[in-house]
Amino acid sequence: MANSVKPEITVQSHLEAAGVSRRDFLRLCSVLVATAPAGLALTKTGSAAEVAAKIAAARRPSVIWLHFQDCTGCTETLLRTSAPDAAHLILDIISLDYHETLMAASGEQAEAALRQAIADNAGKYVLVVEGAIPTRDDGVYMQLAGRPAVQVVKEAAGKAAAIIAIGSCASWGGVPSSDPNPTGAVGVDTVISGKPIVNLPGCPPNPYNLLAVVLEYVTMNRLPELDDLRRPIFAYERVIHENCPRRAHFDAGRFAHSFGDEGHRKGWCLYKLGCKGPVTHAACSTRHFNETPGVWPIGIGAPCLGCTEKNVVWSMGTAETVPIHLATPPDTYPPIYSSAGKIKTGAAVLVGAIAGAVGSASWVASQRFRSSEEAGAERIAMDRAHAFKDAAAARIEAAEWKKEEVTTEKAEAAERKKED
Amino acid sequence: MSATLSAVPNSPVKTPTRWERAVPVYGFPVITRFFVVLLALTLVALVLTGYRELAGLGPVSGMNDLFGWGIWKTFNVMVLTALGSGAFAVGIAAWVFRRKKLHALMRMALLTSFLAYACGLLLLGIDAGRPWNFYWIVFPWKWNMHSPLAEVAICMSIYAMIPLAVENLPPVLERLWYFDSRLRPGVEKIEKRLHAVFPYVIALAYLLPGMHQSSLGALMLLAGERVHPLWQTPFLPLLYVWAACFMSFGCVAGVTMLCCLIWQRAMDMDVLDEAARITCWLIYGWSALRFLDIAFREQFGTAFHFDRFAGVFWLEMILIMGGGRLLQRSVRTHDTGKMFLGYVLSSLGGMIYRFSPTTLAFRPNPQALYFPATIEILVSLGFIALGVAGFLIAVKRFAILPGPLYLWHDMASYFRFRRPYIRWTGYFKYGHFGEDEKITNHNSHE
Amino acid sequence: MAITRRELITTIAKAGATGAVAVTAAAQPLRAETETVSIPSAAVGLLYDATICIGCKACVAACAEANGETPDTRGDGLHQAPSDLNDLTRNIIKLYKPTDGSPASFVKRQCMHCLDPACAAGCPFQALHKDPESGIVYWTADKCIGCRYCTITCPYHVPRFQWVGYNPRVTKCELCSHRLAQGLKPGCTSVCPTGAVIFGPRTVLLMEAKHRISQNPGRYFKDKVYGETDNGGTQSLYLARVPFEDLGLPELGQESVPARTLRWQRRFYQYFALPALLYAGLVQVIRKSVKGHVEEAHEREKETGLRAQL
């Protein structure tokens, strides 16, 4: 349980005083490194030892935790760690100066503790807000010690160094804000302005996100880089779909069509069951819960509900499929006009050779025609001479042959006369 | 016209040669080095054809999904049968328009046509991917009469097998008549029947090529916009058949001139001038039609872009019109070299024209290209070589190449006196001036 | 001159008779080109909405599986990633990605099953024919001669020839007719995760497409359904955000390719009348020529003493 310890003491000295082993502390730091491999100045150095050194040297941060329209799930997520010491460790590193669920006090004592905590750590504490803040009807729907939540949060935020809105309810209204939102529930950043606010949506979010943000603030004296919805980029930059372990099944068109069917049992993509992974910004697909791989909704076969997104989780039906939008199509697609055919050198050389041969032969032939005119005349004369000569010889032979015929005929005629 | 053998030899007075008779080429052996090279090429082509039948069309050619037709269909069929339309073009000029002088070229035209069509049809069979289904050609109700390709295949086959073959029979029958006197009665009977149906066969021989040469043009009509607008026109069939006309004139006259050059035969400039004049006017008319058509379709601007299409277009037109101009001038100046060059250039231009719409001017998409593979070229070349070899044999064994009358007698005496041991041609038996009357008696058969 | 007046008259008279014979003897009367393209009674097709397609290519894989085809891994030897339609790929997803940053789009290409297919118009022995009821264009192996004319006439370059092997075939989408017979849908439509491609009767698909256009003004390019009248109408319909030309679907006008390009060809060969007429005329002219030629040949024969060469 948290005690109101003076925040001047470093984390290291407190851990030593609390009897926390260095090994446990290092283990926590390695989890932190795994939680935020990028996007945090704290973990940029990379190794658990270096992170541990940074944290150890830091002042023990004072944290004031306020609950409004909540279910205490975000607190539970901080406590529900599978390594039982981790929860204690987290609570040992941060100094939880006010927490309604965890502190022993109640009633007047609790209110006094809150006023004390705010006064003691004014300007230095991190205000963590859990739960939505009702604004309708002057905020009467959630009152703390008779004062509307709006008033309480404004007062607490006024002296805070930074505000972390943990959970979807504190980030944008969460469950209480679902249609018709009768209480006018809104997130913290609607009510508070002028202070640095970090939203950690999720229902619940991963506890290490909170720890990383707090420690980044304490060690580096600044909040991590945020997107335009004030969510830290290291945890909320990507959608579930981008890093989902079941993405291959989505890409190959293997879907579970109903709970318990063959596809579901084989662990196929849950898109057709209404998984909101493609439109949900969160890191659950890479950093699962309870420090145990596979412990997260899709991992156990439940389609993602999109609990971090305001327009998804309580606005869309659980079985409703989401439209999928790709920011930039990849280049591994065939273009509209594909190429075909190529020129091979051997063939080109052959064609060139044939063309050249035909061309030059024609040219040479045409030239020969001119020169052959005279030669032709000679040849014609030669042919004629031959023909003339042979014709003469032929005539002579023919004449002789005729003479023979005539003589034989005469001989035959004479013979016939003789016989008669 | 009787043979004037009383001309004094070695006289400076040169009486002009007249082609009065087709005379076989004698004094030149069939088996020469060139002939052996042709046979070698044919053998290579046959072996490669066997490989093509087993391996499919992909490994042997440069054809691909976007260029489905390679040079076999587009060159050997489309271009070479255009060159081999001599029977059609020269025949129409001789028989329909009664240009009597061109009858001297008829046998040459018929032979070149037959060989070109035989080569083309063989390659059509090799190019078809599933040729065993060609038997459907026998069932007319299975023909798709909308298809220009069906029209081409059917018409070409019928044409080559019936009218063209029948028209090429006379030299063969003549040779048989001289070869063995025992065959004469049979030959004369066949010839009688032939002469009875001659007009009907010849008319078919002009109708069918007109149909399929124009359908060859219609083939690319279906490709629409993918053929560059300088070629794609509704007049494509007409331009194709017209181009076939002047190309075949070029082929027939050019080949005849070349043969006369090689085998030192005298040329009849009357006939050749006539042919040149006809070719020249065919070329001018065709060119005018093409330019008018392009202008009418408002595509003339594309002819002046700096791209390969404009380049090919102008190459074609320059070759064709330049060839025509050369022909025109050669007639006037009696320059046979120029005439030959004119024929060659105009035929070459016509060949490129008929080749373009399927390959050079065909743009299925901006990225695709086609270039023939080596095996494809060798097969194409080999079958052309086969055709040329067939031509050489035919021209040396049958009376096809025209010559003056005295040449016939010279041929007879060649075989009778100078090479009396060559008995098997049979030609030695005629032209013997003693036996003229006896032979004339045998000749009367009508 | 060539033809005398008398010859002309006899020619025309005989041509009339020949023409009548030709009509009755015609193998197949040709369709008059004024006839409009008929839509098959039970025309089915696909509607592809490129604005919904995510390019997952599940349809490419499913198509190969549905048709019992080995996946085309010839690209890198490992992945089924064909770069275009080919002899193993009847359906492909392509990406149009302009370099100037304007919207990109996927496009699914397969047979368009045109109402007046150019491939069937050009096929010599009707190996490609359009089913009169469903309108699906089928290829039959036992009529095909492998001439590849279909690869040239199809304006969308759909039919693909098998270039390797001694028994090549022509491959193209046939709307998984074997699955339709079992009451299933085509392979591609049954796996599409977003419903970008759907199957159904053409009339219903057209209605759906028009409905989408009216419900989403400005979403679709020119509020146009490609294939409604393009190329005379196709049974594969397209909706897209970018110009259809950029997706490889050319602008072909309202007339089908065969109707537009073969008009004069069809007119000339209608009932074979003109060819028959021409033949009759030729016969007349040539008979006279032949007679004259034969007479001259006989005279020359007598002069020279050599046998006539005809």
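Protein chains in written order, with the numbering used here: chain A, 1 to 420; chain R, 421 to 866; chain V, 867 to 1176. Ideal placement from N, C-alpha and C gives every residue a C-beta, glycine not left out. Small disclaimer: the values here were computed from a predicted structure and weren't measured.
Checklist entry - Interface residues of chain A around R/G757 at Cβ under 7 Å? => result Here residue 757 of chain R corresponds to residue number 337 of the second sequence, with the count starting at 1. S366, Q367, F369 and R370, listed in chain order.
Next on the checklist: Between the alpha carbons of R/V869 and V/P983, how many angstroms are there, rounded?
Outcome noted: In this structure chain R extends from 421 to 866, so residue 869 of chain R is not present and cannot be described.
Checklist entry - If the cut is a Cβ gap below 9 Å, which residues of chain V does A/F255 touch? => result Within the first sequence, residue 255 of chain A is the residue found at index 255, counting from 1. Neighbours of A/F255 on chain V, chain order: V1057 and P1059.
Next on the checklist: Against R/A460, what residues of chain A qualify as contacts under a CB-to-CB distance less than 9 Å, listed in chain order?
Outcome noted: Numbered from 1 along the second sequence, position 40 holds the residue referred to as residue 460 of chain R. What R/A460 touches in chain A: nothing, since even the nearest Cβ is about 16 Å away.
Item to check | Amino acids of chain R, ordered along the chain, whose beta-carbon sits closer than 7 Å to that of V/W1005 | outcome: One-based indexing of the third sequence puts residue 1005 of chain V at position 139. Within 7 Å Cβ-Cβ: nothing; V/W1005 doesn't reach chain R, min ~11 Å.
Checklist entry - Can you find a C-beta in chain A that's less than 7 Å from the C-beta of R/N496? => result Within the second sequence, numbered from 1, the residue matching residue 496 of chain R stands at position 76. So no, R/N496 is outside the interface.
Next on the checklist: When you compare the region 1011-1030 of chain V with the region 1046-1057 of chain V, are there three or more beta-carbon pairs, one atom per stretch, that lie closer than 8 Å?
Outcome noted: no
Checklist entry - Relative to the C-alpha of V/A947, which residue among A/A252, A/C269 and A/A302 is closest? => result Here the question's residue 947 of chain V lines up with position 81 in the third sequence. V/A947 has its Cα closest to that of A/A252, out of A/A252, A/C269 and A/A302.
Checklist entry - Given a threshold of 16 other Cβ atoms within 10 Å of its Cβ, counted over all protein chains shown, does V/S1197 qualify as buried or as exposed? => result What is shown of chain V runs 867 to 1176, which leaves residue 1197 of chain V out entirely.
Checklist entry - Exposed or buried, A/P176, counting other C-beta atoms within 10 Å across all chains shown (16 or more means buried)? => result Within the first sequence, numbered from 1, the residue matching residue 176 of chain A stands at position 176. Buried, by the Cβ-count rule.
Checklist entry - Taking just the CA atoms, how far does V/A909 sit from A/D424? => result Not covered by the structure: residue 424 of chain A. The range shown for chain A is 1 to 420.
Item to check | C-alpha distance - A/A414 paired with A/K402, whole-angstrom precision | outcome: As a first step, residue 414 of chain A is located in the first sequence; it is residue number 414 there, counting from the start. As a first step, residue 402 of chain A is located in the first sequence; it is residue number 402 there, counting from the start. Going from the Cα of A/A414 to the Cα of A/K402 covers about 18 Å.
Checklist entry - Leaving out five residues before and five after R/R646 in sequence, what residues of the same chain have Cβ atoms less than 7 Å from its Cβ? => result Working through the second sequence from its first residue, we reach residue 646 of chain R at position 226. For R/R646, where only same-chain residues beyond five positions count, the Cβ hits under 7 Å are F782, R783 and P784.
Checklist entry - If you drop the 5 nearest sequence neighbours on each side, which residues of the same chain put their C-beta closer than 6 Å to that of R/F711? => result Mapped onto the second sequence, residue 711 of chain R falls at position 291. Cβ within range, chain order: n/a, list empty.
Item to check | Identity of the residues DSSP links to A/N199 by a beta bridge | outcome: What you label residue 199 of chain A is simply residue 199 of the first sequence in a count that begins at 1. A/A165.
Item to check | Option in A/P204, A/R265, A/C244 and A/D70 with minimal Cα separation from A/N290 | outcome: In the first sequence, residue 290 of chain A corresponds to position 290, counting from 1. Measuring from the Cα of A/N290, the nearest candidate turns out to be A/P204.
Checklist entry - Is R/F669 closer than 7 Å to R/A695 when the C-beta atoms are compared? => result What you label residue 695 of chain R is simply residue 275 of the second sequence in a count that begins at 1. What you label residue 669 of chain R is simply residue 249 of the second sequence in a count that begins at 1. For R/A695 and R/F669, yes; Cβs fall inside 7 Å.
Next on the checklist: Cutting at 6 Å between CB atoms, please list the residues of its own chain near V/T890, excluding the five before and the five after it.
Outcome noted: The sequence position of residue 890 of chain V within the third sequence is 24, counting from 1. Residue placement at V/T890 cannot be trusted, given a pLDDT of 43 that sits under 50; what the coordinates show is reported in the next sentence. Cβ neighbours of V/T890 beyond the five flanking positions: none.
Next on the checklist: So if I threshold CB-CB distances at 9 Å, which residues from the region 567-591 of chain R count as touching chain V?
Outcome noted: S567, P568, L569, A570, E571, V572, A573, I574, P590 and P591
Item to check | the region 129-140 of chain A: positions lying closer than 7 Å to chain R by Cβ | outcome: none
Checklist entry - Does DSSP classify R/W561 as helix, strand or coil? => result Within the second sequence, residue 561 of chain R is the residue found at index 141, counting from 1. Residue state, collapsed to three classes: helix.
Checklist entry - If you draw a straight line from the alpha carbon of R/R613 to that of R/V607, how long is it in whole angstroms? => result To locate residue 613 of chain R, count along the second sequence from 1; it is residue 193. To locate residue 607 of chain R, count along the second sequence from 1; it is residue 187. One C-alpha to the other measures close to 10 Å.
Checklist entry - Is the CB-CB distance between A/L32 and A/E216 below 7 Å? => result For this step, residue 32 of chain A is matched to residue 32 along the first sequence. For this step, residue 216 of chain A is matched to residue 216 along the first sequence. In this structure, A/E216 does not lie closer than 7 Å to A/L32 by Cβ.
Checklist entry - Nearest chain R C-beta to A/V406 closer than 7 Å, yes or no? => result Counting from one through the first sequence, the residue named residue 406 of chain A turns up at place 406. Not an interface residue.
Next on the checklist: Looking at the secondary structure, which residues open and close the beta strand (DSSP E) in which V/Y914 lies?
Outcome noted: Locating residue 914 of chain V in the third sequence gives position 48, where the first residue counts as 1. Per DSSP, V/Y914 belongs to the beta strand (DSSP E) from V910 to D915.
Checklist entry - In chain order, what residues of the same chain lie with their CB nearer than 8 Å to the CB of R/S567, ignoring the 5 residues before and after it? => result By 1-based counting over the second sequence, the position of residue 567 of chain R is 147. Correct list: empty, nothing qualifies.
Item to check | Extent of the continuous alpha helix (DSSP H) to which A/E242 belongs | outcome: Here the question's residue 242 of chain A lines up with position 242 in the first sequence. A/E242 -> alpha helix (DSSP H) spans I240 to N243.
Checklist entry - In whole angstroms, what separates the C-alpha of V/E935 from that of R/I797? => result As a first step, residue 935 of chain V must be located in the third sequence, where it is residue number 69. As a first step, residue 797 of chain R must be located in the second sequence, where it is residue number 377. Between V/E935 and R/I797, the C-alpha separation is close to 33 Å.
Item to check | Chain-ordered residues of the region 1086-1112 of chain V with a beta carbon less than 9 Å from chain R | outcome: none
Checklist entry - Quick one: is V/A916 buried, meaning 16 or more other Cβ sit within 10 Å of its Cβ, or exposed? => result Within the third sequence, numbered from 1, the residue matching residue 916 of chain V stands at position 50. Result: buried.
Checklist entry - Within the 7 Å Cβ cut-off, does R/P792 reach chain V? => result Reading the second sequence from its first residue, position 372 is the one you call residue 792 of chain R. Chain V, which has no Cβ nearer than 7 Å to the Cβ of R/P792, makes this no.
Item to check | Partner residues on chain A for V/I959, Cβ-Cβ distance less than 9 Å | outcome: Along the third sequence, one-based indexing puts residue 959 of chain V at 93. Chain A residues near V/I959: Y333 and P334.
Checklist entry - Taking C-beta to C-beta, are R/M741 and R/V443 nearer than 7 Å? => result Sequence index remark: in the second sequence, residue 741 of chain R carries index 321 (1-based). Sequence index remark: in the second sequence, residue 443 of chain R carries index 23 (1-based). No. Outside cutoff.
Next on the checklist: Could you tell me the alpha carbon to alpha carbon distance between A/S13 and V/D966, rounded to whole angstroms?
Outcome noted: Taking the first residue of the first sequence as 1, we reach residue 13 of chain A at position 13. Taking the first residue of the third sequence as 1, we reach residue 966 of chain V at position 100. One C-alpha to the other measures close to 59 Å.
Checklist entry - Is V/R956 closer than 7 Å to V/C929 when the C-beta atoms are compared? => result For the purposes of this step, residue 929 of chain V is taken as the residue at position 63 of the third sequence. For the purposes of this step, residue 956 of chain V is taken as the residue at position 90 of the third sequence. Contact: yes.
Next on the checklist: Using a 10 Å radius around the Cβ and a threshold of 16 neighbouring Cβ atoms, would you call A/K344 buried or exposed?
Outcome noted: Position 344 of the first sequence, counted from the first residue, corresponds to residue 344 of chain A. So A/K344 counts as exposed.
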